[in-house]
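Asker: Numbering-wise (our numbering), the first sequence opens with residue 272 and increments by one. Glycine included, each C-beta is placed from N, C-alpha and C at the ideal position. One structure follows; several queries about it will come next.
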Amino acid sequence: MIATILNRQLDQLFQDAASEGLLPSPLPSYKLTRPDNPEHGDWAINVALVAAKSVGRPPRDLASDLAERISNLDGIARVDVAGPGFLNLFLEPTFAGRVFCDHFLPWLDNGAAIQPERRQRIHIEYVSANPTGPLHVGHGRGAAVGDSLARLLRRAGHDVTREYYVNDAGRQMQMLGNSLWIRLRQQHGEDVELPEDAYQGAYLIDIAAQMLGTLEDPAAFFAQPEAAQLEQCREYAEQAILSGIREDLALFRVEYDQWFSERQLHHSGAVDAAIERLRDAGATREEDGALWFDADRYGDEKPRVLVRDNGEPTYFAADVAYHLNKLERGFDQMIDLWGADHHGYEPRVRAALRACGIGDEQLEVHFIQFVTLVRSGEKVQMSTRSGKFDTLADVIAETGTDAARFFYLLRRPESHLEFDLDLARRQANENPVFYVQYAHARVCSLDRKAQEAGLTLSTFAAEHLSEPADRDLLQVLLEWPDRLRRAADQRAPHQIVFYLQDIAAAFHGYYNKQRIVDATPTEVAAARLALARAVRSVIADGLDLIGVHAPETM
RNA sequence: GCGCCCGUAGCUCAGCAGGAUAGAGCAGCGGACUUCUAAUCCGCAGGUCGGAGGUUCGAAUCCUCCCGGGCGCGCCA
């Protein structure tokens, strides 16, 4: 917020300077940054360095001409020309406090809204795991990132729809039905082996037992033609697994506006229509009995099959239809979150959209790297094939939703994540979740103390928040709107977690340095309490964005 | 072989629309509780930013090559 206010003034000043010929026109893009060396002031501007060449003057000369003008701006105590030509700004001690009182508090009171540069209708799709087994720890990461990103985009002022694409068509589902059928027959006393390519997971044994219990007349069931038995098994397995997935996600506070069925897409004729659209675009051809999309003409490395030689459309064909469907529903931005193992799939989807004349920028694909679980200091080996893996439900049961969601966002999505279960479970200071939550609880505690003491917020002014400790905390606090906007623009919910750790650290430091409720005079106490409450409000806001609770006591 | 991601402190990782002396947490060491919650704070130590070139006034950040790790290259989904 300080940066925004300074930038507004600086832009005007530099425009004026440009029209006088002191700076080039148009103005080159310059940066207002926080130097890491305090001797370099509160803020630094590199405008003289980037403009020097086109004006034909040494950067330091140019800087000193600008320094005088800048020093007259509101809130600026002093301007130094330093190094190769940086302009170092020193703020008046009361400036941050003034921004807090005049801008930040009113902003908070009015709902703390963020205005996007351009409000978009965004469709975001995440997890979309095949309903062939329970969600595992890898899906958990996609769930945490996707749900948090959706919250973040909504918070940043966009119109967001969250969707789970249910892959309920195709051979995997046949295989699932078949696997359940075998399990069912086994439990019915038949001596049959589970084929090697079947789903081996123990969860199907439970589902088989369940299903057997619902059959009024098992003998009659097994007397039906095989196809009918298989169809009922597929149906039962899908429903059972999908409802398990829904439960896990609900427990993980991961929400959706819509569950979108792939089978529905086929039935509605949308897949055929998509294939027709590609054909009309002249982007397809028939070969070896199959229908191919010439993806290589649109940026992919080779042609891709749309319709198999047996007449069945591929998963890819359905996916093209799905993306076209999203656009038909009026979204102007699609965000897909995929597991990193699907990155090779992106070019063909893009190619198809291009062939349909759809702009590349309408689809964003973000990849979520893998998760390695660490338990008792050792990496836990996973294998989906054999059905030996840790489920998301296991992790939630072990650590709780708060810790798990926080941990999943502790790294950038494109980095491999080592998820240390022992650390996440530990109720101690090494655990970063508690660090942030504790800061929130601390302010709540202060608030209770203030109420006991009858402290009111009525009378305080910016001057009461001008000590170095105040300014340090204000600096981080006032960054919130910018950091929030930046995290949304970059589709990076993990940056919210980083900010939360920054603001919590700043507050804990402040707490240890300054008396708050019992500070004297009362005006100072009131000012500090207002500051602490603003910190609480921001922490609660940030935690809510990542789906983590903000406790009032700990 | 080709493509994508990653390589930064002992460990796990930020920083990468170029900016001045590269940061955090954990682990290690030393301090701070008769005081609003010590699940906290303060200090110390810790680095050829995988390597080599290049662009630039300036490179962890951009470009090229190389090395290491992961993943992908199905008429599977």
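So, Ala315 versus Gly356, is the Cβ gap smaller than 8 Å?
Answerer: Going by C-beta atoms, Ala315 is not nearer than 8 Å to Gly356.
Asker: Pull up the distance between the alpha-carbon of Glu794 and that of Ile347, whole angstroms please.
Answerer: Approximately 25 Å, taken between the alpha carbons.
Asker: Can you name the start and end residues of the beta strand (DSSP E) that Ala315 belongs to?
Answerer: First-last of the beta strand (DSSP E) with Ala315: Trp314 to Ile316.
Asker: Only counting the same chain, and skipping five residues up and downstream in sequence, which positions put a Cβ closer than 7 Å to that of Ile453?
Answerer: Answer for Ile453: Val463, Leu465 and Ala469, listed in chain order.
Asker: Is it a yes or a no for the segment 429-444 touching the segment 528-536, going by three-plus beta-carbon pairs under 8 Å?
Answerer: They touch, by the three-pair rule.
Asker: Among Gln708, Ala763, Ser737 and Gly610, which one has its Cα closest to the Cα of His820?
Answerer: Among Gln708, Ala763, Ser737 and Gly610, the Cα nearest to that of His820 is on Gln708.
Asker: What separation, rounded to the nearest whole angstrom, lies between the Cα atoms of Asn449 and Leu455?
Answerer: Taking the straight line joining both Cα atoms gives about 10 Å.
Asker: When burial is assigned at 16 or more other CB atoms within 10 Å of the CB, is Ala699 buried or exposed?
Answerer: Its Cβ having fewer than 16 others within 10 Å, Ala699 is exposed.
Asker: One question on the structure: do Ile810 and Ala740 come within less than 8 Å of each other, judged by their Cβ atoms?
Answerer: Going by C-beta atoms, Ile810 is not nearer than 8 Å to Ala740.
Asker: Taking 8 Å as the cut-off, does the segment 576-584 touch the segment 357-374 (at least 3 CB pairs, one atom from each stretch)?
Answerer: With a cut-off of 8 Å, the segment 576-584 and the segment 357-374 do not count as touching, because too few Cβ pairs lie within range.
Asker: Between Gly570 and Arg625, which are expected to be in contact by the criterion C-beta below 8 Å, what is the C-beta distance as a whole number of angstroms?
Answerer: Gly570 to Arg625, Cβ: 7 Å. Contact.
Asker: Inspect the beta-carbon positions of Ala777 and Pro405 and report whether they are closer than 8 Å.
Answerer: No, the Cβ-Cβ distance between Ala777 and Pro405 is not below 8 Å.
Asker: Could I get the ranges of all uninterrupted beta strand (DSSP E) runs contained in the segment 531-591, with 3 residues as the minimum, in chain order?
Answerer: As far as the segment 531-591 is concerned, its whole beta strand (DSSP E) runs of at least 3 residues are 555-558, 561-564 and 575-578.
Asker: Taking DSSP's pairing of strands, which residues face His407 in a bridge?
Answerer: Beta-bridge pairing links His407 to Thr662.
Asker: Does the Cβ-Cβ distance between Gly417 and Tyr397 come in under 8 Å?
Answerer: In this structure, Tyr397 lies closer than 8 Å to Gly417 by Cβ.
Asker: When burial is assigned at 16 or more other CB atoms within 10 Å of the CB, is Thr304 buried or exposed?
Answerer: Flag for Thr304 reads exposed.
Asker: Helix, strand or coil for Val788? Go by DSSP, reduced to three states.
Answerer: If DSSP states are grouped into helix, strand and coil, Val788 belongs with coil.
Asker: Where does Met605 fall in DSSP's three states?
Answerer: Here Met605 sits in strand by DSSP.
Asker: Please name the residue or residues paired with Glu649 in a DSSP beta bridge.
Answerer: Answer is Arg646.
Asker: Taking only the alpha-carbon atoms, compute the straight-line gap between Leu748 and Arg742 and give it to the nearest angstrom.
Answerer: The alpha-carbon atoms of Leu748 and Arg742 are separated by roughly 10 Å.
Asker: In angstroms, rounded to a whole number, what distance separates the CA positions of Leu522 and Ala796?
Answerer: Each residue's alpha carbon lies about 41 Å from the other.
Asker: Using only the alpha-carbon positions, how far apart do Lys784 and Ala790 sit?
Answerer: Taking the straight line joining both Cα atoms gives about 12 Å.
Asker: Specify, as a first and last residue, the run of the beta strand (DSSP E) that Ala348 falls within.
Answerer: Run containing Ala348: Ile347 to Ala353, per the beta strand (DSSP E) assignment.
Asker: Among the residues of its own chain, which have a CB less than 6 Å from the CB of Pro306, if the five just before and after it don't count?
Answerer: Excluding positions up to five away in sequence, the list reads Ala315.
Asker: DSSP three-state label for Glu635, please.
Answerer: It is a strand residue.
Asker: List in chain order: all unbroken beta strand (DSSP E) runs of 3+ residues lying wholly within the segment 404-460.
Answerer: The segment 404-460 contains these whole beta strand (DSSP E) runs: 430-437.
Asker: For His735 and Leu608, I'd like the C-alpha separation in whole angstroms.
Answerer: His735 and Leu608: Cα-Cα distance of roughly 47 Å.
Asker: Nearest by alpha-carbon distance to Pro574: which of Thr555, Ala589, Val591 and Ala803 is it?
Answerer: Comparing Cα-Cα distances from Pro574 to each of Thr555, Ala589, Val591 and Ala803, the minimum goes to Thr555.
Asker: From the DSSP output, in three-state form, read off Ile276 for me.
Answerer: Of the three classes helix, strand and coil, the one that applies to Ile276 here is helix, per DSSP.
Asker: Would you decide whether Pro402 is buried or exposed? Buried here means 16 or more other CB atoms lie within 10 Å of its CB.
Answerer: Looking at its Cβ environment, which holds 16 or more other Cβ atoms inside 10 Å, Pro402 is buried.
Asker: Spatial neighbours of Asp691 within its chain, please: C-beta separation below 6 Å, excluding the five flanking residues on both sides.
Answerer: Closer than 6 Å at Cβ, skipping near neighbours: Val645.
Asker: Going by beta carbon distance, what residues of the same chain come within less than 7 Å of Tyr301, once the five residues before and after it are set aside?
Answerer: So the list reads Ile316, Asn317, Val318 and Val321, once near-sequence residues are dropped.
Asker: In whole angstroms, what separates the C-alpha of Glu689 from that of Val408?
Answerer: Straight-line Cα distance between these residues: approximately 11 Å.
Asker: Beta carbon of Arg524, beta carbon of Thr672: below 8 Å?
Answerer: Yes, these two residues count as a Cβ contact at 8 Å.
Asker: Let's test the definition: count the other Cβ atoms within 10 Å of the Cβ of Thr585 and tell me whether it reaches 16, buried, or not, exposed.
Answerer: With 16 or more other Cβ atoms within 10 Å, it is buried.
Asker: Assign Thr670 to one of two classes, buried (16 or more other C-beta atoms within 10 Å of its C-beta) or exposed (fewer than that).
Answerer: Answer is buried; the Cβ neighbour count reaches 16.
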